[in-house]
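Novice: Chains H and S, in that order, are what the protein sequence lines are. Under the numbering used here, think of the first position of the first sequence as 3, with each following residue one higher. Under the numbering used here, think of the first position of the second sequence as 28, with each following residue one higher. Glycine included, C-beta positions come from ideal geometry on N, C-alpha and C. Submitted below is the structure of interest, expressed as structure tokens.
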Amino acid sequence: EPLFHSRDRSDLEPAPLRRAQPIADPLTAQRFLSKYGWADAPPAGPRATGLAEAVRRFQKVNALPASGRLDAVTLAAMNRPRCGVPDTRLLSRPPPPTRSKR
Amino acid sequence: SLRPRPPQPEVATPRGGPRAFAKRTLTWRLLGEGASGQLAVDEQRHILRLAFRMWSEVMPLDFREDLASPGAAVDIKLGFGRGRHLGCPRVFDGSGQEFAHAWRLGDIHFDDDEHFTPPSSDVGISLLKVAVHEIGHVLGLPHTYRPGSIMQPNYIPQEPVFELDWSDRKAVQKLYGSCEGSFDTAFDWIRRERNPQGAVTLRFSTYFFRNSWYWLYENRNNRTRYGDPLQILRGWHGIPAQNIDAYVHLWTWGRDERYFFKGNQYWRYNSDKDQTYTKDEQGRSYPKLISEGFPGIPSPLDTAFYDRRKQLIYFFKESLVFAFDVNRDRVLDSYPKKITEVFPGIQPRNHPFRNIDSAYYSYAHNSVFFFKGNAYWKVVNDKDKQKHSWLPSNGLFPKQSISERWFDICDVHTSTLNM
Chain H
3 EPLFHSRDRS
13 DLEPAPLRRA
23 QPIADPLTAQ
33 RFLSKYGWAD
43 APPAGPRATG
53 LAEAVRRFQK
63 VNALPASGRL
73 DAVTLAAMNR
83 PRCGVPDTRL
93 LSRPPPPTRS
103 KR
Chain S
28 SLRPRPPQPE
38 VATPRGGPRA
48 FAKRTLTWRL
58 LGEGASGQLA
68 VDEQRHILRL
78 AFRMWSEVMP
88 LDFREDLASP
98 GAAVDIKLGF
108 GRGRHLGCPR
118 VFDGSGQEFA
128 HAWRLGDIHF
138 DDDEHFTPPS
148 SDVGISLLKV
158 AVHEIGHVLG
168 LPHTYRPGSI
178 MQPNYIPQEP
188 VFELDWSDRK
198 AVQKLYGSCE
208 GSFDTAFDWI
218 RRERNPQGAV
228 TLRFSTYFFR
238 NSWYWLYENR
248 NNRTRYGDPL
258 QILRGWHGIP
268 AQNIDAYVHL
278 WTWGRDERYF
288 FKGNQYWRYN
298 SDKDQTYTKD
308 EQGRSYPKLI
318 SEGFPGIPSP
328 LDTAFYDRRK
338 QLIYFFKESL
348 VFAFDVNRDR
358 VLDSYPKKIT
368 EVFPGIQPRN
378 HPFRNIDSAY
388 YSYAHNSVFF
398 FKGNAYWKVV
408 NDKDKQKHSW
418 LPSNGLFPKQ
428 SISERWFDIC
438 DVHTSTLNM
């Protein structure tokens with residue numbers, strides 16, 4: 003029996019497909035680069051140099067022209083399906099979910 | 028402090044490397060509430076079982092699906108989820124980009140908004156491929172951008188062959204060591220084939236037998252065949268299902284006979300029909316007693332090999348070796364002798380002495396090797412003698428590690444042998 007939790011089995015219907023927010027601008031690119039270990043946490047506003055350096059590093063390992071600019075090819079590489087583990091370190095075991103005290 | 032803490036994974040710091048599991052067998056489970064709605068649960072479990080087995084084929088750990096223990100006792104829990112999921116601090120992003128993540132020595136989560144498909148499909152994202160990748164993280168492997176590696180961060184649509192390549196194997200073996208272990212027997216199997224011109228050519232395959240399973244070793248690729256080990260029962264018909272003592276290929280101009288030995292019996296194998304003979308030319312049935320077919324030879328044996336030049340079978344038992352003349356069907360008068368006497372060690376005290384596991388003549392190396400435990404001793408061959416005439420005939424070179432010459436001969440958990 004497929005698993006369901008709602009009496010009307012509505013949770014079995016495929017959810018409307020949630021799509022990942024495309025990476026199309028410096029802010030989403032900055033977030034992508036910091037999530038996968040290529041840059042520090044996103045600054046309040048994109049600092050061109052920090053971002054360019056991070057983009058350049060990312061371009062180099064992806065065998066893309068290391069221009070440091072967010073060109074179409076680089077954005078396409080960022081939007082490819084990929085593993086969520088950062089590229090520069092492993093995820094360590096998360097603490098067990100805390101339980102609300104009775 | 029009142030509630031017992033869940034057991035933490037036994038963790039050891041391997042040689043200078045990142046942290047790794049110290050247990051030999053790891054357990055895993057697809058969480059009941061974490062199954063995907065896209066594939067049948069059994070298919071998901073089958074794909075995950077295969078993914079774990081693929082790692083087990085190249086490293087000393089094996090993996091067992093555990094459906095019974097308390098969740099906290101299971102080493103690796105896997106589950107599918109959308110957005111915020113399974114109490115995980117990382118939120119999935121919906122379809123596209125992130126399709127899964129894993130925690131070192133911990134759990135694996137798949138984004139159920141992705142279109143995961145079975146290995147046979149060429150659309151969507153192969154669940155097998157993603158699972159193998161994420162298990163790599165659990166074992167302690169980071170991302171790499173090396174072409175051909177399964178640990179590349181981006182999904183590479185289905186390639187014709189999807190296997191763990193040499194570098195992935197070395198990376199995981201750097202954390203966990205290489206596969207070691209003794210063998211019941213090892214031998215080269217000669218096959219007659221016709222080449223495109225119709226001429227008969229002789230080829231050989233190398234086999235390693237251990238307990239009830241075996242590997243074909245591909246000498247030119249320095250690894251076992253993809254998907255091995257297999258169960259002996261599946262690949263060889265009529266011989267005992269496990270613990271073979273010896274294999275002998277008696278091969279002269281007029282004779283081409285292949286024998287398996289176990290206990291006090293032996294079987295003859297029909298290469299063309301790929302099964303054992305039921306009767307010999309005189310109508311006597313197989314298996315036969317070793318004492319009848321090879322008078323003077325004791326049993327059970329440790330091992331045996333056939334020396335084509337001398338047309339002698341050397342049978343080994345404990346510290347003794349018996350030389351059996353195949354043309355006169357009897358043991359040479361001067362035998363049995365001590366193994367150390369017939370095959371002297373070149374280096375003092377560097378010798379297997381007794382109870383060798385296997386005596387294996389390798390056509391790939393044109394040499395005989397004595398296996399015992401994890402080690403082998405190579406017997407001096409003609410080429411060695413031409414180079415260094417002082418070497419004793421049939422001398423044994425100092426021992427070396429089997430896993431440093433024959434790579435990645437790894438066990439898998441018996442529950443996955445039939446995959």
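Just checking: is the beta-carbon of H:P83 within a distance shorter than 8 Å of some beta-carbon in chain S?
Specialist: Within the first sequence, the letter at position 81 stands for residue 83 of chain H. Yes - at least one Cβ of chain S is within 8 Å of the one on H:P83.
Novice: Is there a Cβ from chain H that is less than 8 Å from the Cβ of S:Q71?
Specialist: For this step, residue 71 of chain S is matched to residue 44 along the second sequence. No, S:Q71 lies away from the interface with chain H (no Cβ there is under 8 Å from its Cβ).
Novice: Determine the DSSP secondary structure at S:R221, reduced to helix, strand or coil.
Specialist: Walking along the second sequence from the start, residue 221 of chain S turns up at place 194. Strand, per DSSP.
Novice: Beta-carbon of H:R21 versus every beta-carbon of chain S: anything under 8 Å?
Specialist: As a first step, residue 21 of chain H must be located in the first sequence, where it is residue number 19. By this cut-off, H:R21 is an interface position.
Novice: Considering H:T30, what are the terminal residues of the alpha helix (DSSP H) in which it resides?
Specialist: The residue you call residue 30 of chain H lines up with position 28 of the first sequence. First-last of the alpha helix (DSSP H) with H:T30: 28-37.
Novice: Please list, in chain order, all residues of the same chain as S:P41 whose beta carbon is under 6 Å from its beta carbon, the five residues on each side excluded.
Specialist: For the purposes of this step, residue 41 of chain S is taken as the residue at position 14 of the second sequence. For S:P41, the predicted model reports a pLDDT of 44, less than 50, meaning its position is unreliable; a value from the coordinates is still stated below. So the list reads A47, L202, once near-sequence residues are dropped.
Novice: Quick one: measure Cβ to Cβ for H:G39 and S:R117, integer angstroms, because I've assumed they're closer than 8 Å.
Specialist: Within the first sequence, the letter at position 37 stands for residue 39 of chain H. Within the second sequence, the letter at position 90 stands for residue 117 of chain S. No, H:G39 and S:R117 are not in contact; Cβ-Cβ is about 14 Å, not under 8 Å.
Novice: Can the beta-carbon of S:N464 be found closer than 8 Å to that of H:R84?
Specialist: In the structure as shown, chain S begins at 28 and stops at 446. Residue 464 of chain S is therefore absent and cannot be evaluated.
Novice: Counting only beta-carbon atoms, is H:V57 nearer than 8 Å to chain S?
Specialist: Residue 57 of chain H sits at position 55 when you count from the first residue of the first sequence. For H:V57, the answer is no, since every Cβ of chain S falls outside 8 Å of its Cβ.
Novice: Applying the criterion that 16 or more other CB atoms from any shown protein chain within 10 Å of the CB defines a buried residue, is S:S28 buried or exposed?
Specialist: Mapped onto the second sequence, residue 28 of chain S falls at position 1. Legend: pLDDT at S:S28 = 42, less than 50; position of this residue unreliable, no value from coordinates given.
Novice: Give me, in chain order, the residues of the same chain whose beta-carbon lies closer than 6 Å to that of S:P384; leave out the 5 immediate sequence neighbours on both sides.
Specialist: Translated into positions along the second sequence, residue 384 of chain S becomes position 357. According to the sequence shown, residue 384 of chain S is Asp rather than Pro. Closer than 6 Å at Cβ, skipping near neighbours: S209, F210, F398, K399.
Novice: Would you kindly report the start and end of the unbroken beta strand (DSSP E) that includes S:P245?
Specialist: Position 218 of the second sequence holds residue 245 of chain S. Per the sequence shown, residue 245 of chain S should be read as Glu rather than Pro. Where S:E245 is concerned, the enclosing beta strand (DSSP E) stretches over 240-245.
Novice: Which same chain residues, not among the five before or five after S:V275, have their C-beta less than 6 Å away from its C-beta?
Specialist: On the second sequence, residue 275 of chain S is found 248 positions in, with the first residue counted as 1. Correct list, in chain order: Y286, A331, Y333, I340.
Novice: Within the continuous alpha helix (DSSP H) that includes S:T441, where are the two ends?
Specialist: Position 414 of the second sequence, counted from the start, is the residue given in the question as residue 441 of chain S. S:T441 -> no alpha helix (DSSP H), and no H or E assigned at all.
Novice: Looking at the strands, I want to know which residues DSSP matches up with S:Q427.
Specialist: In the second sequence, counting from the first residue as 1, residue 427 of chain S sits at position 400. In DSSP, S:Q427 forms a bridge with S:Y403.
Novice: Around the Cβ of S:E431, are there at least 16 other Cβ atoms within 10 angstroms (buried) or fewer (exposed)?
Specialist: Indexing the second sequence from 1 puts residue 431 of chain S at position 404. Counting Cβ neighbours within 10 Å, S:E431 comes out exposed, since fewer than 16 surround it.
Novice: Can you tell which of H:D10, H:A26, H:R82, H:R91 has its C-alpha closest to the C-alpha of H:D73?
Specialist: Residue mapping note: residue 73 of chain H aligns to position 71 of the first sequence, counting from 1. The option with the nearest alpha carbon to H:D73 is H:A26.
Novice: Could you tell me which chain S residues have their CB closer than 7 Å to the CB of H:D89, listed as they occur along the chain?
Specialist: In the first sequence, residue 89 of chain H corresponds to position 87, counting from 1. Within 7 Å Cβ-Cβ: H170, P180.
Novice: Any C-beta of chain H within less than 8 Å: which residues of the segment 109-131 of chain S qualify?
Specialist: Under the 8 Å Cβ criterion, the segment 109-131 of chain S contributes R109, G110, G114, C115, P116, R117, F119, D120, G121, S122, G123, Q124, E125, F126, A127, H128, A129, W130, R131.
Novice: Could you tell me which residues DSSP pairs with S:V295 in its beta bridges?
Specialist: Along the second sequence, read from residue 1 onward, the residue named residue 295 of chain S stands at position 268. Sequence check: residue 295 of chain S is Arg here, not Val. Note: S:R295 sits in a beta bridge opposite S:Y286.
Novice: Can you tell me whether S:L77 is helix, strand or coil according to DSSP?
Specialist: Residue 77 of chain S sits at position 50 when you count from the first residue of the second sequence. If DSSP states are grouped into helix, strand and coil, S:L77 belongs with the helices.
Novice: Listing by chain order, which chain S residues have their CB less than 7 Å from the CB of H:V75?
Specialist: Locating residue 75 of chain H in the first sequence gives position 73, where the first residue counts as 1. Result: empty, since nearest Cβ-Cβ is about 14 Å, beyond 7 Å.
Novice: Can you check whether the C-beta of S:I162 is within less than 8 Å of a C-beta belonging to chain H?
Specialist: For the purposes of this step, residue 162 of chain S is taken as residue 135 along the second sequence, with counting starting at 1. No, because no Cβ of chain H sits closer than 8 Å to the Cβ of S:I162.
Novice: Identify whether S:A25 lies in helix, strand or coil by the three-state DSSP scheme.
Specialist: As displayed, chain S neither begins before 28 nor continues past 446, which places residue 25 of chain S out of reach and without an answer.
Novice: Would H:L66 pass as a contact of H:A79 if the rule is Cβ separation under 8 Å?
Specialist: Position 64 of the first sequence, counted from the first residue, corresponds to residue 66 of chain H. Position 77 of the first sequence, counted from the first residue, corresponds to residue 79 of chain H. Contact: yes.
Novice: Determine the chain H residues that contact S:G167 at a beta-carbon separation under 9 Å, and present them in chain order.
Specialist: Your numbering for residue 167 of chain S matches position 140 in the second sequence. Simply L92.
Novice: Within 10 angstroms of the Cβ of S:P267, are there 16 or more other Cβ atoms? Answer buried if so, exposed if not.
Specialist: The count along the second sequence starts at 1 and reaches residue 267 of chain S at position 240. With 16 or more other Cβ atoms within 10 Å, it is buried.
Novice: What is the rounded straight-line gap between the Cα of S:V165 and the Cα of H:V63?
Specialist: In the second sequence, the residue the question calls residue 165 of chain S occupies position 138. In the first sequence, the residue the question calls residue 63 of chain H occupies position 61. If I take the Cα positions, the gap works out to 23 Å.
Novice: On a Cα-Cα basis, can you pick out the residue from S:R91, S:H128, S:D93, S:A100 that is closest to S:G108?
Specialist: For the purposes of this step, residue 108 of chain S is taken as residue 81 along the second sequence, with counting starting at 1. Answer by Cα proximity: S:H128.
Novice: Within this structure, are the beta carbons of S:M81 and S:V199 separated by less than 8 Å?
Specialist: Numbered from its first residue, the second sequence carries residue 81 of chain S at position 54. Numbered from its first residue, the second sequence carries residue 199 of chain S at position 172. No, the Cβ-Cβ distance between S:M81 and S:V199 is not below 8 Å.
Novice: Rounded to a whole number of angstroms, what is the C-alpha to C-alpha distance between S:V407 and S:N401?
Specialist: If you number the second sequence from 1, residue 407 of chain S lands on position 380. If you number the second sequence from 1, residue 401 of chain S lands on position 374. Rounded to whole angstroms, S:V407 to S:N401 spans 20 Å at the Cα level.
Novice: Considering only the beta carbon of each residue, do S:D140 and S:G121 sit closer than 8 Å?
Specialist: Taking the first residue of the second sequence as position 1, residue 140 of chain S is located at position 113. Taking the first residue of the second sequence as position 1, residue 121 of chain S is located at position 94. Going by C-beta atoms, S:D140 is nearer than 8 Å to S:G121.
Novice: Which chain H residues sit within Cβ distance under 8 Å of S:I429?
Specialist: Within the second sequence, the letter at position 402 stands for residue 429 of chain S. Ordered by position in chain H, no residue passes the 8 Å Cβ test against S:I429, which lies about 32 Å from the chain.
Novice: According to DSSP, is S:S420 part of a helix, a strand, or is it coil?
Specialist: The residue given as residue 420 of chain S occupies position 393 in the second sequence. Note: S:S420 maps to coil in three-state DSSP.
Novice: When you compare each of S:L359, S:V348, S:D93, S:R282 to S:P371 by their alpha carbons, which one comes out closest?
Specialist: Within the second sequence, numbered from 1, the residue matching residue 371 of chain S stands at position 344. When only C-alpha atoms are compared, the closest one is S:V348.
Novice: Helix, strand or coil, according to DSSP, for S:T40 in the structure here?
Specialist: As a working note, residue 40 of chain S is residue 13 in the second sequence. Confidence at S:T40 is low in this model, with a pLDDT of 47, below 50, so the placement of that residue should be treated as unreliable; the coordinate-derived value is given next. DSSP places S:T40 in coil when its eight states are reduced to three.
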